[in-house]
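Participant:
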């Protein structure tokens, strides 16, 4: 079983590879890593490493294909949004060489990377969502302020297509008390209504999604659907912003599971994706975004003895794999605090 994982330089990837290597059901697993940065192979427990340029490079797909053929790769797992998009666009090139890819088809990836398309499709299908509007210029931005009762109430602006919180701005309302975690993300900005000067800089990353400010808890849902097998693992964030990672609390919540299952069906999601949720004032789960690849912290499931990532690999390669999801026996109905430092 020979696997290639892209964007291998993530903080928790060494722990993930450690668990893959220790998994007795994944026999003779050989892992090759790819990243744009130099990676210490020994630290990441990789069998082999290749440094490649950005996924936007014209030669990226050609290089990935060449490596996969040379190394006799069985499965490619893209671990960034852009790589997921590029590989899904060229998925037939890999299929012709009998190389499996853990990624949705191109139309699905393109759709879920665009928050406007995702939200409009889900709204049309009566999925419960936070209040939102789309603004493509300053005029539309101003026009939509009244819909959110801004400047009295707070408002979040985020690019329709973005990665890692880039370009996110919180416009703080005059009389609004927002929770302490809001705006504390590495790439987020908080602006008081007194200091807002609307310029084209707001649209640096393109059209904006305007959204009401909601509450914690926030959740990462490891969402797997493949070959009529559906599993969702719900992880409550200890740090609501997610970055820096401070651990998770795993829990069982049928309301959230059913919510994600409906989204999965409507958007035709396959393989292992990462669904980010937030909570409204009525304690209902609300979608924030969907990432077309596994979560960077999916390894946390191994600490709860749920090898979801291993199971996804086995499903992709038509291998037998036994996975137990007895939450009571695993004692994760209540609180299992999984801290990255313990890995």
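Numbering (our numbering), first residue to last: 1 to 343.
C-beta atoms are modelled at their ideal positions from N, C-alpha and C, and glycine is treated no differently.
Quick one: what does DSSP say residue 44 is sitting in, helix, strand or coil?
Facilitator: If you number the chain shown from 1, residue 44 lands on position 44. Three-state DSSP puts residue 44 in coil, outside helix and strand.
Participant: Could you name the residues of the same chain whose beta carbon sits closer than 6 angstroms to that of residue 71, not counting the 5 residues immediately before and after it, in chain order?
Facilitator: In the chain shown, counting from the first residue as 1, residue 71 sits at position 71. Excluding residues within five positions, the ones whose Cβ falls inside 6 angstroms are 32.
Participant: I'd like to know if the stretch 170 to 177 and the stretch 248 to 268 are in contact, where contact means that at least 3 CB-CB pairs between them fall below 8 angstroms.
Facilitator: At 8 angstroms Cβ cutoff, the stretches do not touch.
Participant: Tell me whether the stretch 193 to 205 and the stretch 261 to 281 touch, counting them as touching only if at least three CB pairs, one residue from each stretch, are closer than 8 angstroms.
Facilitator: No: the two stretches stay apart, fewer than three of their Cβ pairs being nearer than 8 angstroms.
Participant: For residue 314, does the three-state DSSP call read helix, strand or coil?
Facilitator: Looking up residue 314 in the chain shown gives position 314. The answer is helix: DSSP assigns residue 314 an H, G or I state.
Participant: Do residue 295 and residue 261 have their CB atoms nearer than 8 angstroms?
Facilitator: Counted from its first residue, the chain shown places residue 295 at position 295. Counted from its first residue, the chain shown places residue 261 at position 261. No; because the gap between Cβ atoms is not below 8 angstroms, this pair is not in contact.
Participant: Give me, in chain order, the residues of the same chain whose beta-carbon lies closer than 8 angstroms to that of residue 122; leave out the 5 immediate sequence neighbours on both sides.
Facilitator: The count along the chain shown starts at 1 and reaches residue 122 at position 122. Excluding positions up to five away in sequence, the list reads 129, 263, 266, 267, 287.
Participant: Among 14, 1, 124, which one has its Cα closest to the Cα of residue 24?
Facilitator: Position 24 of the chain shown, counted from the first residue, corresponds to residue 24. Selected option, being the one with the closest Cα: 1.
Participant: Run the CB neighbour count on residue 159, radius 10 Å, all protein chains shown included, and call it buried at 16 or more, exposed below.
Facilitator: Here residue 159 refers to the residue found at position 159 of the chain shown. It counts as buried.
Participant: Should residue 175 go down as buried or exposed, given a rule of 16 or more other Cβ atoms within 10 Å for buried?
Facilitator: Stepping through the chain shown from its first residue, residue 175 is reached at position 175. Looking at its Cβ environment, which holds fewer than 16 other Cβ atoms inside 10 Å, residue 175 is exposed.
Participant: Just checking my contact of residue 221 with residue 15 at CB under 8 angstroms: how many whole Å lie between their CB atoms?
Facilitator: Locating residue 221 in the chain shown gives position 221, counting from the first residue. Locating residue 15 in the chain shown gives position 15, counting from the first residue. Not a contact, Cβ separation roughly 20 angstroms.
Participant: Tell me the DSSP secondary structure of residue 269 in three-state form.
Facilitator: Taking the first residue of the chain shown as position 1, residue 269 is located at position 269. Looking at residue 269 - three-state DSSP - the assignment turns out to be coil, as it is neither helix nor strand.
Participant: List the residues that DSSP assigns as beta-bridge partners of residue 350.
Facilitator: Any answer about residue 350 is impossible in this case: the structure gives the chain only from 1 up to 343.
Participant: Going by Cα to Cα distance, which pick from 225, 87, 78, 206 is closest to residue 8?
Facilitator: For the purposes of this step, residue 8 is identified with residue 8 of the chain shown, where counting begins at 1. Out of 225, 87, 78, 206, 78 has the C-alpha closest to the C-alpha of residue 8.
Participant: Name the residue from 135, 291, 150 whose alpha carbon lies nearest to the alpha carbon of residue 206.
Facilitator: Reading the chain shown from its first residue, position 206 is the one you call residue 206. Residue 135 is the option with its Cα nearest to residue 206.
Participant: Which one or two residues does DSSP pair with residue 204 in a beta bridge?
Facilitator: Translated into positions along the chain shown, residue 204 becomes position 204. None, per the DSSP bridge assignment.
Participant: Helix or strand or just coil, what does DSSP make of residue 291?
Facilitator: On the chain shown, residue 291 is found 291 positions in, with the first residue counted as 1. It is a strand residue.
Participant: Mind checking residue 311: buried by the 16 CB within 10 Å criterion, or exposed?
Facilitator: Indexing the chain shown from 1 puts residue 311 at position 311. Buried, by the Cβ-count rule.
Participant: Can you check DSSP and say which residues form a bridge with residue 33?
Facilitator: Here the question's residue 33 lines up with position 33 in the chain shown. In DSSP, residue 33 forms a bridge with 5, 49.
Participant: For residue 292 versus residue 113, is the C-beta distance shorter than 8 angstroms?
Facilitator: Start at 1 with the first residue of the chain shown, and residue 292 comes out as number 292. Start at 1 with the first residue of the chain shown, and residue 113 comes out as number 113. Closer than 8 angstroms, so yes.
Participant: Here's the rule I'm using: 16 or more other beta-carbon atoms within 10 Å means buried, otherwise exposed. How should residue 152 be labelled?
Facilitator: Taking the first residue of the chain shown as position 1, residue 152 is located at position 152. Result: exposed.
Participant: Nearest-angstrom Cα distance between residue 26 and residue 41?
Facilitator: Mapped onto the chain shown, residue 26 falls at position 26. Mapped onto the chain shown, residue 41 falls at position 41. If I take the Cα positions, the gap works out to 20 angstroms.
Participant: Which residue marks the beginning of the beta strand (DSSP E) containing residue 135, and which one marks its end?
Facilitator: Indexing the chain shown from 1 puts residue 135 at position 135. Unbroken beta strand (DSSP E) run through residue 135: 132 to 135.
Participant: Less than 7 angstroms between C-beta atoms, sequence neighbours within five positions excluded: which residues of the same chain meet that for residue 229?
Facilitator: Within the chain shown, the letter at position 229 stands for residue 229. Cβ neighbours of residue 229 beyond the five flanking positions: 315.
Participant: Among residues of its own chain, excluding the 5 on either side of residue 255, which ones have a beta-carbon nearer than 7 angstroms to its beta-carbon?
Facilitator: Mapped onto the chain shown, residue 255 falls at position 255. 285.
Participant: Quick one: Cα of residue 17 to Cα of residue 29, how far?
Facilitator: The residue given as residue 17 occupies position 17 in the chain shown. The residue given as residue 29 occupies position 29 in the chain shown. Their backbone Cα atoms lie some 10 angstroms apart in a straight line.
Participant: Our contact map puts residue 289 next to residue 280 with C-beta atoms below 8 angstroms; I'd like the distance itself, whole angstroms only.
Facilitator: Taking the first residue of the chain shown as position 1, residue 289 is located at position 289. Taking the first residue of the chain shown as position 1, residue 280 is located at position 280. In fact, because the Cβ distance is near 16 angstroms, the residues do not count as touching under 8 angstroms.
Participant: Can you tell me the Cβ-Cβ gap for residue 247 and residue 238, rounded? I've got them flagged as a contact below 8 angstroms.
Facilitator: Counting from 1 along the chain shown, the entry for residue 247 is found at position 247. Counting from 1 along the chain shown, the entry for residue 238 is found at position 238. Sure, about 5 angstroms apart at Cβ, within 8 angstroms.
Participant: Residue 51 to residue 35, Cα distance in whole Å?
Facilitator: Within the chain shown, numbered from 1, the residue matching residue 51 stands at position 51. Within the chain shown, numbered from 1, the residue matching residue 35 stands at position 35. Cα to Cα, residue 51 sits roughly 5 angstroms from residue 35.
Participant: Find out if the Cβ-Cβ distance for the pair residue 74, residue 317 is shorter than 8 angstroms.
Facilitator: Translated into positions along the chain shown, residue 74 becomes position 74. Translated into positions along the chain shown, residue 317 becomes position 317. For residue 74 and residue 317, yes; Cβs fall inside 8 angstroms.
Participant: Please state whether the Cβ-Cβ distance between residue 6 and residue 80 is less than 8 angstroms.
Facilitator: Taking the chain shown and counting its residues from 1, the one referred to as residue 6 is at position 6. Taking the chain shown and counting its residues from 1, the one referred to as residue 80 is at position 80. Yes, these two residues count as a Cβ contact at 8 angstroms.
Participant: Determine whether the beta carbon atoms of residue 105 and residue 91 lie at a separation below 8 angstroms.
Facilitator: Start at 1 with the first residue of the chain shown, and residue 105 comes out as number 105. Start at 1 with the first residue of the chain shown, and residue 91 comes out as number 91. The answer is yes: Cβ separation under 8 angstroms.
Participant: If you draw a straight line from the C-alpha of residue 20 to the C-alpha of residue 154, how long is it?
Facilitator: Numbered from its first residue, the chain shown carries residue 20 at position 20. Numbered from its first residue, the chain shown carries residue 154 at position 154. Each residue's alpha carbon lies about 44 angstroms from the other.
Participant: Where residue 125 and residue 146 are concerned, what is the direct C-alpha to C-alpha distance, given to the nearest angstrom?
Facilitator: For the purposes of this step, residue 125 is taken as the residue at position 125 of the chain shown. For the purposes of this step, residue 146 is taken as the residue at position 146 of the chain shown. Rounded to the nearest angstrom, the two C-alpha atoms are 26 angstroms apart.
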